[in-house]
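Engineer:
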Amino acid sequence: MPGQVMVRIEVGGICDSDLSYYTRGGFGAATLAEPIILGHELAGIVEALGPAVLGLQIGDRVAINPSRPCGQCNMCRAGLPNHCRQMRFYGSIVHTRPTQGGFCRDLVCDATQCFPARFAGAAELALAEPFSVALHAAERAGSLRGKRVLVMGCGPVGALVVAAARLHGARDIVAADVVREKLGIVRGFGARTTFDLAEVPDGLAAWTDMIDVAFECSGMSDALQNAVRALRPRGTLVQVGIGQDLTLAQGHVVAKELTVLGSYRFHEEFGTAVSLIDSGRAALGSMITHSFPLDDATCAFEAALDRRRAVKVQLTF
Numbered sequence: 001m002p003g004q005v006m007v008r009i010e011v012g013g014i015c016d017s018d019l020s021y022y023t024r025g026g027f028g029a030a031t032l033a034e035p036i037i038l039g040h041e042l043a044g045i046v047e048a049l050g051p052a053v054l055g056l057q058i059g060d061r062v063a064i065n066p067s068r069p070c071g072q073c074n075m076c077r078a079g080l081p082n083h084c085r086q087m088r089f090y091g092s093i094v095h096t097r098p099t100q101g102g103f104c105r106d107l108v109c110d111a112t113q114c115f116p117a118r119f120a121g122a123a124e125l126a127l128a129e130p131f132s133v134a135l136h137a138a139e140r141a142g143s144l145r146g147k148r149v150l151v152m153g154c155g156p157v158g159a160l161v162v163a164a165a166r167l168h169g170a171r172d173i174v175a176a177d178v179v180r181e182k183l184g185i186v187r188g189f190g191a192r193t194t195f196d197l198a199e200v201p202d203g204l205a206a207w208t209d210m211i212d213v214a215f216e217c218s219g220m221s222d223a224l225q226n227a228v229r230a231l232r233p234r235g236t237l238v239q240v241g242i243g244q245d246l247t248l249a250q251g252h253v254v255a256k257e258l259t260v261l262g263s264y265r266f267h268e269e270f271g272t273a274v275s276l277i278d279s280g281r282a283a284l285g286s287m288i289t290h291s292f293p294l295d296d297a298t299c300a301f302e303a304a305l306d307r308r309r310a311v312k313v314q315l316t317f
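Numbered per the UniProt record's numbering, the sequence shown finishes at 317, counting up by one with no gaps.
1) Taking Cβ positions, are Leu42 and Gly71 nearer each other than 8 Å?
2) Taking the straight line between their C-alpha atoms, what separation do you get for His267 and Pro81?
3) Tell me the residue span of the beta strand (DSSP E) that contains Cys154.
4) Just verifying my parser: in three-state terms, what is the DSSP assignment at Val174?
5) Mind reading off the beta-carbon distance from Gly241 to Lys256? Whole number of angstroms is fine, and I expect it under 8 Å.
6) Does the beta-carbon distance from Ile45 to Cys104 come in below 8 Å?
7) Tell me the DSSP bridge mates of Ile14?
8) Can you tell me the Cβ-Cβ gap for Gly39 and Leu32, rounded? I've got them flagged as a contact below 8 Å.
9) Quick check on the burial criterion: 16 or more other C-beta atoms within 10 angstroms. Buried or exposed for Arg68?
10) Let me check one thing: in DSSP terms, what residues is Leu42 bridge-paired to?
11) What does the alpha-carbon distance come out to for the pair Gln152 and Thr208?
12) Taking DSSP's pairing of strands, which residues face Glu216 in a bridge?
13) Can you pull the DSSP bridge partners for Arg97?
14) Could you tell me which residues DSSP pairs with His168 in its beta bridges?
15) Can you give the Cα-Cα distance for Leu144 and Ile173, rounded to whole angstroms?
16) I need the straight-line Cα distance from Tyr90 to Pro35, nearest angstrom please.
17) Are Ala63 and Leu125 closer than 8 Å when you measure CB to CB?
18) Roughly how far, in whole angstroms, is the beta-carbon of Gly190 from the beta-carbon of Ala163, given that I think they are within contact range, below 8 Å?
19) Could you tell me the distance, in whole angstroms, from the CA atom of Cys84 to the CA atom of Arg265?
20) Rounded to whole angstroms, what is the Cα-Cα separation between Ile185 and Gly169?
21) Taking Cβ positions, are Asp196 and Leu183 nearer each other than 8 Å?
22) Taking all protein chains shown into account, do 16 or more other C-beta atoms lie within 10 angstroms of the C-beta of Asn74, making it buried, or fewer, making it exposed?
23) Using the three-state DSSP reduction, which class does His252 fall into: helix, strand or coil?
24) On the three-state DSSP scale, how would you describe Met6?
25) Closer than 6 Å by C-beta to Ser20: which residues in its own chain qualify, once you throw out the five before and the five after it? Chain order, please.
26) Please go through the segment 258-304 and give each complete beta strand (DSSP E) segment of 3 or more residues, from N-terminal end onward.
27) Would you kindly work out how many angstroms separate the C-alpha atoms of Val213 and Thr289, rounded to a whole number?
28) Which same chain residues end up closer than 7 Å to Gly50 when comparing Cβ atoms and leaving out the 5 residues on each side of it in sequence?
29) Among Gln239, Gly146, Phe270 and Gln225, which residue has its Cα nearest to the Cα of Gln250?
30) Counting C-beta neighbours from all protein chains within 10 Å, is the total for Thr272 16 or more, i.e. buried, or is it exposed?
31) Pick out whichever of Leu160, Thr194, Gly146 and Asp306 has its Cα sitting closest to the Cα of Arg171.
32) Ile58: buried (16+ other C-beta within 10 angstroms of its C-beta) or exposed?
33) What span of residues does the beta strand (DSSP E) with Cys109 cover, start to end?
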């Protein structure tokens, strides 16, 4: 078709939403009514070009943006395509409509979804999508330059938020999780101080009222309460993790006059993520803990469910 390309998928990362579809047949309030191909963290090689494709060549290695906003609804026209009313997003249900994902050997997609890279390998390029989520969260927070930042939850997105905060000039980054094994990765990404809250539950007590910006990336109520306590008066909370019925200590929010922001997906940050990865400014490969061939997809998903051992699990095709 005009404006489309065929990409031979090399690598696909497994996301928490993929795990949710795998374990319970849905994500959030959405439930699958029929089988769906999962996968939205994708990188591969351009195999074929349709008519009227510019800027890509056969053989280019590309990261694929899984987000396909309509461009016509009021949200798209307002410059908020991540809130598109007719969004199609690979491997997910949006507005009750399933969109097939990219865990396959060949994928036909719009050329505008493909972002070429000159130097990065496919495994690193497949991190562009979750890194875009982190970069969008950092943008939502406003300027981080010279700020003291806290990241609660050091899974894939939390780890990448640490990297994004460093790139945005944060003065000091504190990170906390209940799994010690994840903390080494975030130290490599720029966290100066880390806490294993399973071992030291009150580890953040010394940081009460000291944090300028807190990113809550776990979707857990305890982590949210820790973030609120750590924030200084008129600090900013960015909620990134999606949890079930989180409880927010409104007394602290009111008394401290906190700014509370949500952060959802991304848009223009995808191209930025690819550029940062391809240039080497964002060296993120250490978070890839497991890689499995497609034939071992069940093993890959089971490995990804082991949060003590796995950070980012990828499939190869």
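C-beta: ideal position from N, C-alpha, C; glycine also.
Structural biologist: In brief:
1) Counting from one through the sequence shown, the residue named residue 42 turns up at place 42. Counting from one through the sequence shown, the residue named residue 71 turns up at place 71. Cβ distance not < 8 Å, so Leu42 and Gly71 don't count as in contact.
2) As a working mapping, residue 267 is identified with position 267 in the sequence shown. As a working mapping, residue 81 is identified with position 81 in the sequence shown. Taking the straight line joining both Cα atoms gives about 7 Å.
3) Position 154 of the sequence shown, counting from 1, holds the residue named residue 154. It is not in any beta strand (DSSP E) - Cys154 carries neither H nor E in the DSSP assignment.
4) Translated into the one-based positions of the sequence shown, residue 174 becomes position 174. Strand at Val174.
5) In the sequence shown, counting from the first residue as 1, residue 241 sits at position 241. In the sequence shown, counting from the first residue as 1, residue 256 sits at position 256. Wrong, their Cβ atoms sit about 21 Å apart, outside the cutoff.
6) Numbered from its first residue, the sequence shown carries residue 45 at position 45. Numbered from its first residue, the sequence shown carries residue 104 at position 104. In this structure, Ile45 keeps its C-beta atom at 8 Å or more from the C-beta atom of Cys104.
7) Stepping through the sequence shown from its first residue, residue 14 is reached at position 14. In the DSSP output, where bridge partners are listed per residue, Ile14 has none listed.
8) Reading the sequence shown from its first residue, position 39 is the one you call residue 39. Reading the sequence shown from its first residue, position 32 is the one you call residue 32. Not confirmed; about 15 Å, so no contact.
9) Reading the sequence shown from its first residue, position 68 is the one you call residue 68. Per the 10 Å Cβ criterion, buried.
10) Indexing the sequence shown from 1 puts residue 42 at position 42. In DSSP, Leu42 forms a bridge with Gly12 and Ile64.
11) Residue numbering aside, residue 152 sits at position 152 when the sequence shown is read from its first letter. Residue numbering aside, residue 208 sits at position 208 when the sequence shown is read from its first letter. Checking the sequence shown, residue 152 turns out to be Met, not Gln. Roughly 14 Å separates the two Cα atoms.
12) Taking the first residue of the sequence shown as 1, we reach residue 216 at position 216. Looking at the DSSP assignment, Glu216 forms a beta bridge with Met152 and Gln239.
13) Here residue 97 refers to the residue found at position 97 when the sequence shown is read from its first residue. DSSP lists Val94 as the bridge partner or partners of Arg97.
14) As a first step, residue 168 must be located in the sequence shown, where it is residue number 168. His168 is bridged by DSSP to nothing; it lacks a bridge partner.
15) Along the sequence shown, one-based indexing puts residue 144 at 144. Along the sequence shown, one-based indexing puts residue 173 at 173. Spanning the two alpha carbons is a distance of roughly 10 Å.
16) Translated into the one-based positions of the sequence shown, residue 90 becomes position 90. Translated into the one-based positions of the sequence shown, residue 35 becomes position 35. Separation of Tyr90 and Pro35 (C-alpha to C-alpha, rounded to the nearest whole angstrom) is 14 Å.
17) Locating residue 63 in the sequence shown gives position 63, where the first residue counts as 1. Locating residue 125 in the sequence shown gives position 125, where the first residue counts as 1. Taking 8 Å as the cut-off, the Cβ atoms of Ala63 and Leu125 count as close.
18) If you number the sequence shown from 1, residue 190 lands on position 190. If you number the sequence shown from 1, residue 163 lands on position 163. Between Ala163 and Gly190 the Cβ distance is about 6 Å, and since that is below 8 Å, they are a contact.
19) In the sequence shown, counting from the first residue as 1, residue 84 sits at position 84. In the sequence shown, counting from the first residue as 1, residue 265 sits at position 265. Straight-line Cα distance between these residues: approximately 11 Å.
20) Mapped onto the sequence shown, residue 185 falls at position 185. Mapped onto the sequence shown, residue 169 falls at position 169. Each residue's Cα considered, the two are about 19 Å apart.
21) Stepping through the sequence shown from its first residue, residue 196 is reached at position 196. Stepping through the sequence shown from its first residue, residue 183 is reached at position 183. Leu183 is positioned such that its CB atom lies closer than 8 Å to that of Asp196.
22) Along the sequence shown, one-based indexing puts residue 74 at 74. An exposed status is given to Asn74, since fewer than 16 other beta-carbon atoms sit within 10 Å of its beta-carbon.
23) For the purposes of this step, residue 252 is taken as residue 252 along the sequence shown, with counting starting at 1. The answer is helix: DSSP assigns His252 an H, G or I state.
24) The residue labelled residue 6 in the question sits at position 6 within the sequence shown. Of the three classes helix, strand and coil, the one that applies to Met6 here is strand, per DSSP.
25) Along the sequence shown, one-based indexing puts residue 20 at 20. The residues are Phe27.
26) Inside the segment 258-304, DSSP marks whole beta strand (DSSP E) runs of 3 or more residues at positions 259-262 and 288-293, from first to last along the chain.
27) Along the sequence shown, one-based indexing puts residue 213 at 213. Along the sequence shown, one-based indexing puts residue 289 at 289. Cα to Cα, the separation comes out at about 29 Å.
28) In the sequence shown, counting from the first residue as 1, residue 50 sits at position 50. By the criterion of a C-beta distance shorter than 7 Å, Gly50 is surrounded in its chain by Met1, Pro2, Gly3, Gln4 and Val5, once the five residues flanking it on both sides are discounted.
29) By one-based count along the sequence shown, residue 250 stands at place 250. Among Gln239, Gly146, Phe270 and Gln225, the Cα nearest to that of Gln250 belongs to Gln225.
30) Here residue 272 refers to the residue found at position 272 when the sequence shown is read from its first residue. Result: buried.
31) Against the sequence shown, residue 171 aligns to sequence position 171. Measuring from the Cα of Arg171, the nearest candidate turns out to be Gly146.
32) The residue given as residue 58 occupies position 58 in the sequence shown. With fewer than 16 Cβ atoms within 10 Å of its Cβ, Ile58 is classed as exposed.
33) Along the sequence shown, one-based indexing puts residue 109 at 109. Taken as a continuous stretch (DSSP letters only), the beta strand (DSSP E) holding Cys109 covers Asp106 to Asp110.
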